[in-house]
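Protein chains in written order, with our numbering: chain A, 41 to 331; chain B, 50 to 321.
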C-alpha cells in the first residue's frame with residue numbers, strides 16, 4: 041500500500057471513530073434525556089467521555105493500524121515557544137475585540153463614555169487577566185478534541201490536501217461534528233432565522249477560521265497543547281471580554297444579534313485567518329525542500 | 050516515551066493516580082457505602098430522607114452548596130499537596146543529584162519536569178473534583194429528580210480552578226526550600242507557616258467575634274461562593290484575585306529559576 045493510500049485509510053478510520061464515538065451517544069442522549077438535561081444539566085457526567093471522542097479516535101486508530109506514537113505532539117515544548125502559548129491566550133481575546141468592535145461600528149455607534157459607564161477600565165482589565173489565567177486550566181476539557189483534530193486529523197490531511205485544503209476540509213468536518221449539538225441549541229440556541237442549517241453553516245465557518253490559528257499554533261510548537269489552550273480560552277468565553285466595546289445598540293441586555301449579523305461581524309477575524317494562511321503558504325513555498 | 054519526564058511519570062505514577070482518583074472515589078464510595086445500605090434495608094423513601102439530610106435540605110433555610118459538594122474541595126488539595134512533596138523525597142540522594150547535574154539535559158530540565166509533574170498533579174486533582182461534582186449532580190438527579198434549571202449557580206468549577214493556583218502558590222514558596230534543604234527541613238518552613246495560621250485562628254477563636262452557630266458560618270460561606278460564581282463580590286476582590294493568579298504564574302517561574310540555582314547546594318547535603 042502506498043504512503044498516501046495508507047494515510048487515507050488511517051484518516052478514514054479516524055473520522056469514522058471520531059464521529060461514531062460522539063454522534064451515536066449524542067443522538068441517543070438527545071432523544072432519551074433532552075440536550076438541556078444531559079449536556080448542561082445533572083447528567084453531564086455522561087457527556088465527558090463523548091467530548092474525548094476525537095482523542096479516543098486518535099488512540100484507537102493508532103492501535104488498529106499499528107502506527108505507533110511518532111508525531112503524537114504530546115509534549116509541551118515550552119522552550120523557545122512560550123510566545124506561542126501567549127498567542128494561544130491572546131488570539132481569542134483579539135477575536136472578541138475585533139468582532140464586537142465590528143458589531144458596534146455596523147449596528148451601533150462608537151461611544152466610549154457608554155462603554156466605561158457600563159464597566160470601568162479597571163474591571164475590564166481584571167476580568168481579562170482572570171480569564172486569561174484560568175482559561176488554560178480548562179484545556180483538560182478541550183484536549184479531548186484537539187488531540188484528535190490537530191494532533192491527528194490535520195497531520196493526515198495535509199499530505200493529501202495541502203495546507204489550505206486541510207484548513208477548509210478540517211473546518212468543515214469539525215463544524216459538522218458539532219451538528220447534533222448545534223441542532224439542539226448548544227452554540228446559538230434554536231430561535232434564529234434559518235435554524236438549524238444557518239447555525240450549522242456558521243459553526244462550519246467558525247471552525248474553519250479558528251482552525252487556521254489552531255493549526256498555526258500546532259505547527260509552530262510541534263505540540264497539541266497550545267491549540268488546546270486556545271480552544272479552552274474560546275470555550276471559557278475569553279472573547280466575551282470584547283463585549284465591553286459594544287455601544288450604541290440600546291439596552292445591551294436585550295441586544296441579540298441575528299445569525300446573519302454575527303456572520304458579518306466574523307469577517308474581520310476571517311480576513312486575519314486568510315492572511316495567516318497566506319503567510320503560512322508563502323513560508324512553506326520559501327522553505328528549502330528536504331531531500 | 051523516554052527522558053526525564055518519563056522518569057517522573059514512572060516514579061510518581063502512584064501519586065498521580067491517587068491525586069486523580071481520591072476526590073472522585075470519595076464521592077463514589079460515599080454514595081455506595083452510605084446510600085446503598087439504606088436503600089437495601091429501608092427502601093427509596095429512606096434514601097431520599099438520608100440524601101436530603103446529607104445535603105442540608107431538611108431545614109427551613111436552604112443553601113446553594115453543601116458539605117457533599119465541598120468535600121472534594123477540602124480533600125483534593127490536602128491529598129495532592131502531600132503527593133507533591135513526596136515527589137521530591139524520591140530523588141533525595143547524592144548519586145541521583147550528581148547524575149542529574151552530569152546529564153546532557155542538565156539540572157534545569159530535571160527541575161523543570163518536577164514543576165511540570167507537580168502542576169499535572171494539581172490539574173488531575175481538579176479534573177477529579179469536576180468528575181466528583183458531576184457524580185454528585187447525577188446522584189441528586191436520580192434521588193430527587195433535580196433538573197438542569199435547578200442546578201443554576203451550584204457548580205464549584207471556579208473554586209476547583211482557584212485551588213490549582215492556590216496549590217501552585219504554596220509550591221512556588223516551599224519548593225526552593227525543599228530543593229535547598231531537603232524535604233524534611235524544607236517541610237519545616239511549611240509547618241511553620243501552617244503553625245502560624247493555626248495560632249492566628251486560635252487567637253481569633255479565643256478573642257475574636259464568633260458567629261452564633263455553625264449554620265451561620267455555612268450560610269456565610271454559601272453566600273460568598275454564590276457571589277463569587279456570579280461576579281457579585283466587590284470589584285476590588287476580583288482585581289486582587291487577578292493579581293494573585295498572575296503573581297502565582299510569574300512566581301512559579303521565578304521559583305523554578307531559584308530552584309535551579311539552589312539544586313547543587315541541596316545535593317551536597319544529602320547523605321549518599
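Note that beta-carbon positions come from the ideal geometry of N, C-alpha and C, so glycine has one too.
Within 7 Å of any Cβ in chain B, is that where the Cβ of residue 68(A) sits?
No, no contact with chain B.
Enumerated in chain order, which unbroken segments of the beta strand (DSSP E) with a length of 3 residues or greater are wholly contained in the stretch 144 to 189 of chain A?
Fully enclosed beta strand (DSSP E) runs of 3 or longer: not present.
Our contact map puts residue 99(A) next to residue 53(A) with C-beta atoms below 8 Å; I'd like the distance itself, whole angstroms only.
Going by Cβ atoms, the distance from residue 99(A) to residue 53(A) rounds to 12 Å, so no, they are not a contact pair.
Give the residues from the stretch 184 to 205 of chain B that approach chain A closer than 7 Å (Cβ to any Cβ), ordered along the chain.
Listed in sequence order: 184, 186, 187, 189, 190, 195, 196, 197 and 200.
At what residue ranges does the stretch 204 to 245 of chain A contain a whole run of the alpha helix (DSSP H), taking only runs of 4 or more?
Counting whole runs of 4 or more residues, the stretch 204 to 245 of chain A contains the alpha helix (DSSP H) stretches 219 to 222.
For residue 273(A) versus residue 175(A), is the C-beta spacing smaller than 7 Å?
Cβ atoms of residue 273(A) and residue 175(A): closer than 7 Å.
In angstroms, rounded to a whole number, what distance separates the CA positions of residue 117(B) and residue 132(B)?
Spanning the two alpha carbons is a distance of roughly 23 Å.
Is the CB of residue 288(B) under 7 Å away from at least one CB in chain A?
With 7 Å as the cut-off, residue 288(B) counts as an interface residue toward chain A.
Can you name the residues of chain B whose CB is closer than 7 Å to the CB of residue 99(A)?
What residue 99(A) touches in chain B: nothing, since even the nearest Cβ is about 14 Å away.
Does at least one heavy atom of the ligand GDP sit under 6 Å from the Cβ of residue 106(B)?
Among the components of this structure there are no ligands whatsoever, and the ligand GDP is therefore not found.
With a cut-off of 7 Å, does the C-beta of residue 173(A) fall near any C-beta of chain B?
So yes, residue 173(A) belongs to the interface.
Counting only Cβ-Cβ distances shorter than 8 Å, please list the residues of the stretch 88 to 110 of chain B near chain A, keeping chain order.
Taking 8 Å as the Cβ-Cβ cut-off against chain A, none of the residues of the stretch 88 to 110 of chain B qualify.
Go ahead and pull the three-state DSSP assignment for residue 122(A).
Residue state, collapsed to three classes: helix.
Would you say residue 170(A) reaches chain B, if we count a Cβ-Cβ gap shorter than 7 Å as a contact?
Output row for residue 170(A): interface = yes.
Residues of chain B with CB closer than 7 Å to the CB of residue 76(A), please, in chain order.
Correct list: 197.
Straight-line CA distance for residue 310(A) to residue 303(A)?
Each residue's alpha carbon lies about 10 Å from the other.
Quick check on residue 211(A): buried or exposed, where buried means 16 or more other Cβ atoms within 10 Å of its Cβ?
Buried, by the Cβ-count rule.
Residue 139(A) and residue 287(A): beta carbons closer than 7 Å?
The answer is no: Cβ separation not under 7 Å.
Going along chain B, which residues have a C-beta under 8 Å from residue 88(A)?
What residue 88(A) touches in chain B: 180 and 183.
Straight-line CA distance for residue 195(A) to residue 117(A)?
Rounded to whole angstroms, residue 195(A) to residue 117(A) spans 18 Å at the Cα level.
Any C-beta of chain B sitting closer than 7 Å to the C-beta of residue 120(A)?
Residue 120(A) does not count as touching chain B.
For residue 17(A), count neighbouring Cβ atoms within 10 angstroms of its own Cβ and tell me buried if that reaches 16, exposed if not.
There is simply no residue 17(A) to check, as chain A begins at 41 and stops at 331 in what is shown.
Using beta carbons (cut-off 7 Å, strictly below), is residue 78(B) in contact with chain A?
Residue 78(B) does not count as touching chain A.
Going by C-alpha distance, which of 98(B), 135(B) and 72(B) is nearest residue 231(B)?
Minimum Cα distance to residue 231(B) is reached at 135(B).
How about residue 74(B): is its C-beta nearer than 7 Å to some C-beta of chain A?
False, the Cβ-Cβ gap to chain A never drops below 7 Å.
When the Cβ atoms of the stretch 283 to 290 of chain B are set against those of the stretch 156 to 167 of chain A, are three or more pairs found closer than 8 Å?
With the cut-off at 8 Å, the stretch 283 to 290 of chain B and the stretch 156 to 167 of chain A touch.
Using a cut-off of 7 Å between C-beta atoms, extract the partners of residue 83(A) located in chain B.
Under the 7 Å cutoff, chain B gives 187 and 190.
Is the beta carbon of residue 150(A) less than 7 Å from the beta carbon of residue 189(A)?
Contact flag unset, no.
Which bits of chain A does residue 298(B) rub up against, with CB to CB less than 7 Å?
Result: 173.
So, helix, strand or coil for residue 101(B), using DSSP?
Of the three classes helix, strand and coil, the one that applies to residue 101(B) here is helix, per DSSP.
Less than 7 Å between C-beta atoms, sequence neighbours within five positions excluded: which residues of the same chain meet that for residue 285(A)?
Taken in chain order, the residues that qualify are 137, 140, 141, 144 and 155.
Run through chain B and tell me which residues come within less than 9 Å of residue 111(A), C-beta to C-beta.
Simply none; closest approach about 13 Å.
Buried or exposed: residue 66(A), going by 16 or more other Cβ atoms within 10 Å of its Cβ?
Buried: at least 16 other Cβ atoms inside 10 Å.
Among 186(A), 128(A), 296(A) and 307(A), whose alpha-carbon lies nearest the alpha-carbon of residue 233(A)?
Here the closest residue by C-alpha is 296(A).
So is residue 69(B) in contact with chain A if we call contact Cβ pairs under 7 Å?
Residue 69(B) does not count as touching chain A.
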